[in-house]
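Residue numbers (our numbering): 201 to 389.
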């Protein structure tokens, strides 16, 4: 067999794999990863199990945010129905803690309102500000300049992206925080 035929055969095999992965109609059925067959969620496991469970943001509704791993069992015999707490209002989440945050609209985000970020030890690498409305550019610039002195990167995102990015970086043991603004004005729309 020539090298050209071997390369062509590899391309045909790769095309069959792509077909299997995209629509499952043709080509051999093959799992691309063993952990997928056993049903393990590596991100969930790295956030939940360890020396202490990390905060997991599960979603949000017009009334607030669903946060997993906020309840610590002091008494081992105590029964807890669910580890998820619905926090009514805006929140600020860190790797191991989550707190209600007194911000009700994007215009309220200031260096003073995120003061807890400056106090966090060890210092944070990232702060994501999640809101579905615009934050005035001069305010964001002041926050970015203020936190750049602490070597912390600030990024404004919509709420869904901020939640997902926080969860992934937290699972990677990065020093990350997220400030999520539940804009009460969004409820009427």
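We put the beta carbon where it would ideally sit given N, CA and C, even for glycine.
No experiment lies behind these values; they were computed from the predicted model shown.
- Non-local beta-carbon contacts of residue 326 in its own chain, meaning distances under 6 Å to residues more than five positions away in sequence, involve 353 and 376 in chain order.
- Look at residue 307 here: in three-state DSSP terms it is helix.
- The Cβ neighbour count for residue 345, taken over all protein chains shown within 10 Å, is under 16; the residue is labelled exposed.
- The criterion of a C-beta distance shorter than 7 Å is satisfied by residue 265 and residue 291.
- Taking C-alpha positions only, residue 357 is separated from residue 277 by approximately 41 Å.
- CA-CA distance, residue 293 to residue 337, rounds to 23 Å.
- Taken in chain order, the unbroken stretches of beta strand (DSSP E) that lie wholly in the stretch 348-383 and span 3 residues or more are 353-357 and 376-380.
- Residue 371 has its alpha-carbon roughly 30 Å from the corresponding atom of residue 307.
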